[in-house]
Ligand SMILES: Nc1ncnc2c1ncn2[C@@H]1O[C@H](COP(=O)(O)O)[C@@H](O)[C@H]1O
Ligand SMILES: Nc1ncnc2c1ncn2[C@@H]1O[C@H](COP(=O)(O)O)[C@@H](O)[C@H]1O
Ligand SMILES: Nc1ncnc2c1ncn2[C@@H]1O[C@H](COP(=O)(O)O)[C@@H](O)[C@H]1O
Ligand SMILES: Nc1ncnc2c1ncn2[C@@H]1O[C@H](COP(=O)(O)O)[C@@H](O)[C@H]1O
Ligand SMILES: [Mg+2]
Ligand SMILES: [Mg+2]
Ligand SMILES: [Mg+2]
Ligand SMILES: [Mg+2]
Ligand SMILES: [Mg+2]
Ligand SMILES: [Mg+2]
Ligand SMILES: [Mg+2]
Ligand SMILES: [Mg+2]
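Residue numbers (our numbering), protein chains in the order written: chain X, 1 to 219; chain L, 1 to 219; chain S, 1 to 219; chain V, 1 to 219; chain R, 1 to 219; chain Z, 1 to 219; chain Y, 1 to 219; chain F, 1 to 219.
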């Protein structure tokens, strides 16, 4: 935990039994276990195994958090904006939001405001900036154009989170990732396709650092 | 010429002597020779060879048009908007504009209005639409996000023209092309990277067809 | 609707319940809901949910249109040719045709006339041109050679629509798309692999613009 | 020589001195040395070194053949058609023709008949078939569509020879090669981009085998 | 049939009903229907539908031939060698052999003689050459090295047939195809990965042409 | 400047005259012009043109900053670590450092501490953390492994900056970028290959935000 | 067996019946059959068929070894270290270990010590070197950084074994393989993604050669 | 030097002055400096700078070794075979040989024995094995088939060294590397394209380890 980031169990490459055993380990150690990229067939057995615990399941995002009954999540005061271009990008955006929340941050979401309907973006974005957001995550698949547009409009760092939405050449998030890497709007850095965990942890590390400085100030 | 599109000599793969001989052929036939992707070393010899003719050279765009003194370009009444995202994309945008102009269209250009400075786009774009533009070409390199943004804002067909500006992964226009292919704004079709000739001819075929229908109307 | 193009629900990345809810929204707003890339398991539930409506299902094309009983489709007078290279390309061609039809265009189809049997192409193509077609969509997988051939023969703009037919290197439509991007026949622009929706909307925007000019004329 | 194919010195990766020494070796052994992909700076030194020999240089094709004065090329009676799509593809087509000629075949060429001007193809192709051609090589860059078109029209085996003409995505012959691999016209096999040597040898092995059978017949 | 090559129904992209209808068409026309890349679920319905006919099924090769009871296959006298590198490559090799056989050729097969056990190759290959083979097909996946080795050893044209055997980088036949395209043994041309149909037709066109010349001789 | 990030002139795609004119514009507006990716031939003319100004040239990094004599750079109090894996990565690391410095940050550099000599890393890294660094940029080419190693060791956000050092498959920075995108150490986000400008601006936006919060505190 | 490496049956591309028949062949010949990449549905039938034999099944590694009851495995004295970066990489590491063990080597494993938790590596690695290991296999997916780190720390040859763990760009082992190919730590050679068999045989050939020299010494 | 491998200066990315300074450092420390991938323009200045030293230059391999006059190279007794497929692959093979020699190994070379002339391989290979070679490096470009062939024939570990010889798809060593990764001959591991340094060090680490065991034996 020295890193300031929780360990996350990558569910996709593990047997349910292995996940259960690793989750027990984390629950004993830290009071909480976070599992990402769960295979559908693992969800029910996990919920059954941990029915004495508080279990939070994000089905679409394929993520789960298990808390020891006495677990209390700290609040850091960091504030993160999470924006999605399409409705199809919401599950990945939610994975990022979940991880950042588990790291103590406050999350404000703005969904389905991609470049095909850009007019829906400006108002909510202005409000977000007014609320002193520390960093913004922008999830986008297909053309992946939204993160560049947002970065061109805001004075805070932006994390581009490409999603695997899209088919044909450049599909499965490839075009989205490449266009973010090629951005002409400075201040955008990226994580890999569908890597909500990485985006969430990076954003929370930034927001929590700012929050910590703020806190010292208010003392 | 039945196609409605002029023959264009691809200069890059030909010796100067070969270009001169092909240009003479076209000048005799149609009164005009258009050469694209000229190698720098071919420009001076061509200007010397054709000094008795009217020669129009676009150095940055590496394009040249040679007219027989008596050549008169027809005006079709088609109207095409040509937009560039960065200043680096202007030469390719100009190649497209040149070809479309040679096909009789009126061109309105809006340059350097990419997503890093989107506020510069809205005004000129509104004006362009007010002038009843028939089709818009949007040239963009690097992130190639502008064509999707424009297509989301206008009710006319848009031709995406990726340029080879940009380095690193997805550089040389690859990310720009892929993001255009993956556009979530319907009404965008694309040509290959740096293919100003293709974009110009396609746009002019569209604009001239609309213009032709308009003309019949005004008779 | 200001765009002149209908909103299309992308079925592939959504739960059936989500599609139903979005369809109800569109039906209330515009009297019609178009869904593309439906997963097979969504078809029956949708037909059941909307049995009080008129439902048009294109099973092979995985597309569905739902109309409010009182919905009347406008006719714009635009005319689009839709050509397929093989019989395997027909579903994608039909997706494009469906969208363009929903945008008010008249469609003429020519199917299974690819370069392995080119002699079957010339007659129907000549007829199509005689009927004053405004724009032609050519769907082709595998070698994707047909759009270049057609573009070389006609004086109207052509939209290349690569399909994911084909296996091995360059399979799944990649070779088809690349060969269209590399066309040496000017006047061809392309959309992404299997993007019948994009091809249909682009073609309809063109055809409707021409039709509008024609209409003004006949007034 | 048991293979029925001559050894060809690949000039591009060798110092001039090394080429000269290998050429002397071949001239002593077989009376002839063939060099392909010569670097421009090697041509003059080679011509000087071998001025006592008969030297045939194809500058554009970057190929050279050196004959001992007493060398007499055999005639096998094999007949090969060599077709090029564009004028830019002619040098590679000529490399193929040269090698096949050196293997004793008769060559008939048809140049600049690509799919953008298909009507120029049909006449000469009919004539070629009337002359009992044994195999056809079709060189094409950019869209690489011509080999599939030709294969769909003729009853003899066709060798597709992609050339590195073309820029942008799929440029440098990649799209051309992929579309040939994806051909829907049966009877087309391919060699690598710009590999005129490979195409020429393959075609000559086929033609010479047929010719040999024919010869036996006429005895 | 003028092409000298039979029409082959590509089963993978078609519904069983569509295949049945196309097969009936071919059976009426030519007395025989060949289907390739059959989906497993289509096999039984086809066998049931055509039980009054002679049906030849190659399950592993996913191919089927249906003959009208009175159908008699011609024998051309062409002779083709079909070699496979591994046992996993045999189904694709068999698809090629089947098509060539249906075009009237005699087939000699040599299986499982790849470069990891090269000593098993030399004997059978020498025998094959002794039997005056006209052309050789070499099917190989994984490293795809065998076609180059064989081409270096024989004086007849070789068709490289890469198979999709192999995993990891360059897997699914990509490395096999690329190494064949890069061959340093002249006389090798290739078809796409798993394209047994293409290899078979190309080889048969060659062999039948030689056979025809031979026949004329023996008259 | 509202963005908090300076405009940077991309020198690589512009004529010297164009750069001079854009630099004059920036100098008038903000008192400073930053130019990146300068072509070697532009350096001297720029130094001559602006000899009345203070000019800072980083030859290896191909970057230049020109200051109006009265220009005073603000100090924000942000602190950024810049680490390079090899000596070959230093120029790109310096480009990032320069931009961040121009945005008012303090920079601490640690160079040539890649995974082939990891023992050289630990001491300086511990010191860096002791100095309360806000964010770390890690530049690495070839295997690009260092950013993941550093991210696994520190509790601050890390920006991975792949460089184009390296040849063969995955060369020119591709493997470096991919391995960073695939990092199993959470908290690493990346910019494109050689994009020191992007890394520098992103890091400075983060550091300046933290610094701003700190400042408020100390008031 | 002259190669010093056992024949391994590749299960993935074979029917169960085919595997059984090949296994019987090997058991008769050498007393042992090794099968890799088994499809899950083949495991039970094989265990049933060979219940009179000793069967060793590694379910996660999808590998099986069948021994004739009288089979005695030789011990060569070679010593191989097998390291995995993550827990997800263990099955591939185990495949390599199994093969090397079957070739008579002693195996020491160190699992789950990747760069995100590097401190877990140093102790066990020091111990391994103290035990005079002859060669080390390092299995890693995702970022694939561990083999370079290990190679930088040890004086013995290292075999990099990339695994297909990881998603997004560079996923399925591609980034892992590329970063190993680009290593800046000399002494690392690699096998393909998930190729535990190749890594195991290579390592065992090395270790056994050293062991053989050692043995001669101790006589 | 603890690694048992010398430090090698990568010349390609460094200024001559930087190389000279690093070479002086190594000469002081170890008495020897090895430089690889030298740019041609660095060779003469280096020879001039170090004329008081013994300088060994391999021009084609772009490598240089500088020895302090008193430097004595150790002999380990390790024995390495270095094989090249073509004459064009010799420079890369020589780079590998040079490095291994500098690590104290004895080298036996066999050049120009690729699969197009396989008969030239068998004799020399048999001799090499008779001389108790410890490990074999096989350098090959174009089809890269030779390493698999050699690995199938010998009982020692083989290092595949792909070279950048070859053009077209899979050119510049890509096909060669992929085919080696896909080898069906167990016991082959690879280094990156043109990485003679990596191949040489890996082979020497193996050979020296075996030699060390042998030495102990003879005491
Ligand atoms: N080294 C660099 N890398 C990436 N982007 C840059 C670099 N230098 C400048 N830029 C940006 O690239 C864009 C170039 O646009 P333009 O000069 O208008 O074609 C601007 O948005 C610059 O901020
Ligand atoms: N800049 C350009 N981009 C794409 N195609 C072009 C360009 N200029 C000319 N062409 C076309 O490229 C083809 C070249 O054919 P050829 O000159 O016969 O090799 C012709 O079909 C031209 O119309
Ligand atoms: N969704 C995710 N995306 C990327 N990395 C993850 C994800 N979930 C867990 N991880 C990390 O992936 C690694 C998995 O390693 P292991 O489980 O040991 O194979 C750990 O470092 C996790 O922190
Ligand atoms: N233009 C060419 N394209 C492809 N292969 C060639 C060409 N010219 C010669 N070769 C072959 O390339 C190989 C070069 O081998 P080497 O010269 O020994 O490196 C020989 O097998 C030649 O037959
Ligand atoms: Mg939406
Ligand atoms: Mg600009
Ligand atoms: Mg058909
Ligand atoms: Mg032409
Ligand atoms: Mg076998
Ligand atoms: Mg260093
Ligand atoms: Mg782990
Ligand atoms: Mg040679």
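Backbone N, C-alpha and C define an ideal beta-carbon position, used for all residues, glycine too.
| Query | Result |
| --- | --- |
| Measure from the C-beta of residue 168 of chain V to each C-beta in chain L and report whether the shortest distance is under 8 Å. | yes |
| Shorter than 8 Å from the beta carbon of residue 159 of chain Y to some beta carbon of chain F? | yes |
| Which class does residue 81 of chain S belong to by DSSP, given the choice of helix, strand or coil? | strand |
| Measuring alpha carbon to alpha carbon, tell me which residue in L:177, L:209, L:143 is nearest residue 157 of chain S. | L:209 |
| Taking a contact to mean a Cβ-Cβ separation below 8 Å, would you say residue 175 of chain R touches residue 143 of chain R in this structure? | yes |
| For ligand 2, is there a heavy atom less than 7 Å away from the beta-carbon of residue 86 of chain V? | yes |
| What in chain F is Cβ-close to residue 206 of chain Y, meaning under 7 Å? | 157, 206 |
| Less than 8 Å between CB atoms is the rule here; does residue 126 of chain R satisfy it with respect to chain V? | no |
| With H, G and I counted as helix, E and B as strand and the rest as coil, what does DSSP make of residue 64 of chain Z? | strand |
| Near residue 132 of chain S, which residues of its chain fall below 8 Å by C-beta distance, leaving aside the five closest residues on each side in sequence? | 79 |
| Name the chain V residues whose beta carbon is nearer than 8 Å to that of residue 174 of chain L? | 169 |
| Is residue 114 of chain Z close to ligand 10? I mean its beta-carbon at under 7 Å from any heavy atom of the ligand. | yes |
| Does DSSP put residue 174 of chain L in a helix, in a strand, or in coil? | helix |
| My parser needs the beta strand (DSSP E) runs of 3 or more residues fully inside the segment 78 to 143 of chain X; what are they? | 79 to 84, 106 to 110, 135 to 140 |
| Listing by chain order, which chain R residues have their CB less than 8 Å from the CB of residue 10 of chain Y? | 88 |
| Shorter than 8 Å from the beta carbon of residue 107 of chain Z to some beta carbon of chain F? | no |
| Against chain S, which members of the segment 91 to 117 of chain L pass a CB distance test of less than 8 Å? | none |
| List in chain order: all unbroken beta strand (DSSP E) runs of 3+ residues lying wholly within the segment 9 to 36 of chain F. | 32 to 36 |
| Using a Cβ-Cβ cut-off of 6 Å (strictly less than) and excluding sequence neighbours within five positions of residue 95 of chain V, which residues of its own chain qualify? | 61, 63, 196 |
| Within 10 Å of its beta-carbon, does residue 1 of chain L have 16 or more other beta-carbons around it, so buried, or fewer, so exposed? | Reliability of the predicted coordinates at residue 1 of chain L is poor, the pLDDT of 42 falling under 50, and the value obtained from them is presented with this limitation in mind. Counting Cβ neighbours within 10 Å, residue 1 of chain L comes out exposed, since fewer than 16 surround it. |
| Would a C-beta distance cut-off of 8 Å place residue 164 of chain L and residue 200 of chain L closer than the cut-off? | no |
| Could you check whether the Cβ of residue 13 of chain Z sits closer than 8 Å to any Cβ belonging to chain L? | yes |
| Of the residues F:30, F:32, F:23, F:179, which one's Cα is nearest the Cα of residue 45 of chain F? | F:23 |
| How many Å lie between residue 191 of chain F and residue 110 of chain Y at the Cα? | 24 Å |
| Would you kindly work out how many angstroms separate the C-alpha atoms of residue 182 of chain S and residue 153 of chain S, rounded to a whole number? | 17 Å |
| Taking the beta carbon of residue 50 of chain L as the centre, do at least 16 other beta carbons fall within 10 Å, making it buried, or is it exposed? | buried |
| Using only alpha-carbon positions, find the residue among S:138, S:150, S:149, S:168 that is nearest to residue 162 of chain S. | S:138 |
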